[in-house]
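Written out below as structure tokens is the structure these notes cover.
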Amino acid sequence: MMHNYKRVLMGPGPSDVDARVLAALARPTIGHLDPFFMDILNEIRSLLQFTFQTKNEITLAMSGTGSAGMETCVVNLLEPGDSILVCVNGVFGKRMADVASRCGAEVTALEIEWGKVFDPQQIEQALAQKKYKVVGLVHAETSTGACQPVEEISHIVHRHGALLLVDAVTSLGGMNVDVDGWQIDACYSGTQKCLSCPPGLSPVTFSADAVKALENRKTKVQSWYLDLSMIRQYWGTDRLYHHTAPINMAYALLEALTMVKEEGLEKRWQRHLQNHTILKAGLEAIGISYVAQKGHELPMLNAVAVPQGVDDAVVRKQLLTDYGIEIGGGLGTYKGKVWRIGLMGSASTRSNVMLFLAALENCLIQQKYQFNHGASIAAAIKASCR
Ligand SMILES: *Cc1c(COP(=O)(O)O)cnc(C)c1O
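In numbering that gives the first Met the number 0, the protein residues as written are 0 to 385.
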């Protein structure tokens with residue numbers, strides 16, 4: 000039986016998908032070598048170049064979710080015995096280190112406390128001790144809500160002759176991700192976060208230096224499915240069959256990226272930032288605090304501490320059943336202690352912020368949490384009038 004639940008997706012992804020994107024999914028499926036589909040791939044590449052802010056020739060959408068993009072970058076850049084420094088301050092840095100170790104790379108995980116961001120000095124010190132081929136960094140750590148500044152670290156990484164690999168799964172489309180300006184060598188994202196498309200594709204881009212590393216490999220890429228040396232021939236002028244592209248997902252991504260372009264990058268980042276500011280004002284007015292390092296809170300993912308005495312699971316269940324609102328729970332060390340409230344893509348709206356605050360207050364009253372009733376809404380209204 001098919002259900003038809005209507006949800007407000009305010010978790011760590013997937014985010015709400017616009018009706019235009021859903022309609023695109025329903026267009027007739029055509030062949031993956033059909034000339035019309037070839038045009039669609041070209042349009043996707045050009046819109047991805049716009050969104051990533053890059054001229055990189057190898058800019059495409061891998062089949063699979065964000066983790067497939069992570070794995071694509073790692074397995075194409077690294078050969079057995081190559082070394083990678085992975086900066087770990089949450090779940091996704093940890094995942095990158097795991098993926099790298101599985102392809103035979105020599106992995107050094109530089110770990111700091113969850114919620115904190117790396118100081119460029121820490122990276123400088125690590126690179127002074129040992130030579131690495133690649134340095135991996137998570138721009139928007141969705142498990143902690145922390146935003147890692149990239150630009151200064153990029154200069155350090157390049158000064159030490161390494162390639163910079165950046166996870167932009169959550170940040171792309173919701174805040175500035177400047178691949179060329181920040182000189183990122185390999186970057187990946189996902190469709191279901193700030194691009195507001197269903198999950199299923201993973202945008203990836205490779206700089207000229209990253210392509211050189213790929214072309215200079217002595218061994219075949221460990222994964223046949225994710226081998227960019229073959230996949231680039233399908234996305235390139237040769238149009239060589241590799242695997243069947245997920246046709247309808249490509250329609251959806253094209254529509255979602257078209258919406259990004261129509262809105263404009265700066266306007267879109269501004270919208271994400273404004274709604275975050277309003278939500279933050281509301282939450283802080285009722286004593287709920289962010290777990291990410293101060294000044295580094297992500298605009299699209301609000302990770303906050305579950306107040307003392309409040310039952311995490313009961314509140315999330317009530318939000319879902321009474322209001323249709325989905326938020327995320329904590330991962331790893333944050334399990335049961337943190338809520339992750341997403342304001343991603345189409346879900347980043349003023350009305351979602353207000354609805355959520357009202358719904359949360361209702362749940363908190365039932366939890367007998369002591370706070371000034373209505374204060375979050377009042378603060379949010381005040382913040383939105385600024
Ligand atoms: C969601 C996410 C991923 C993994 O993406 P999937 O689509 O779940 O495979 C990787 N990195 C970050 C930062 C994410 O938020």
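Glycine residues also receive a C-beta, built at the ideal position from the N, C-alpha and C atoms.
Just so we're clear, the structure is a prediction, and the values are computed from it rather than from any experiment.
- In this structure, Phe-370 has its CB at a distance of at least 7 Å from all heavy atoms of ligand 1.
- Around the beta carbon of Trp-113, 16 or more other beta carbons sit within 10 angstroms, so the residue counts as buried.
- Leu-194 is positioned such that its CB atom lies closer than 8 Å to that of Ala-255.
- Of the other Cβ atoms in all chains shown, fewer than 16 fall within 10 Å of the Cβ of Trp-223; this residue is therefore exposed.
- Remark: the shortest separation between the CB of Phe-91 and any heavy atom of ligand 1 falls under 7 Å.
- Setting aside the 5 residues that flank it on each side, Lys-54 is surrounded in the same chain by Gln-48, Asp-179, each with a C-beta closer than 7 Å to its C-beta; the list follows chain order.
- Here Trp-268 has Gly-173, Met-174, Asn-175, Pro-298 as same chain residues with Cβ atoms under 8 Å from its own Cβ, once five neighbours each way along the sequence are excluded.
- Residue Gly-286 holds the alpha-carbon nearest to the alpha-carbon of Pro-306 among Leu-300, Gly-286, Ala-18.
- When Thr-141, Ile-122, Leu-252 are compared, the shortest CA-CA separation from Ala-22 is found for Leu-252.
- Under the three-pair Cβ rule at 8 Å, the segment 214 to 231 counts as touching the segment 55 to 73.
- Per the coordinates, the alpha-carbon of Cys-186 lies some 19 Å from the alpha-carbon of Gly-235.
- Straight through space, the alpha carbons of Ile-380 and Gly-373 are spaced by roughly 11 Å.
- Across the structure, Glu-150 and Phe-51 are spaced so that their CA atoms are roughly 15 Å apart.
- For Gly-92, the enclosing alpha helix (DSSP H) has its first and last residue at 90 to 101.
- Here DSSP, grouped into helix, strand and coil, assigns Cys-186 to strand.
- Boundaries of the alpha helix (DSSP H) harbouring Arg-349: 349 to 365, taken from the DSSP string.
- In the DSSP assignment, Cys-86 forms a beta bridge with Leu-109.
- Taken in chain order, the whole alpha helix (DSSP H) runs of length 4 or more contained in the segment 142 to 183 are 150 to 158.
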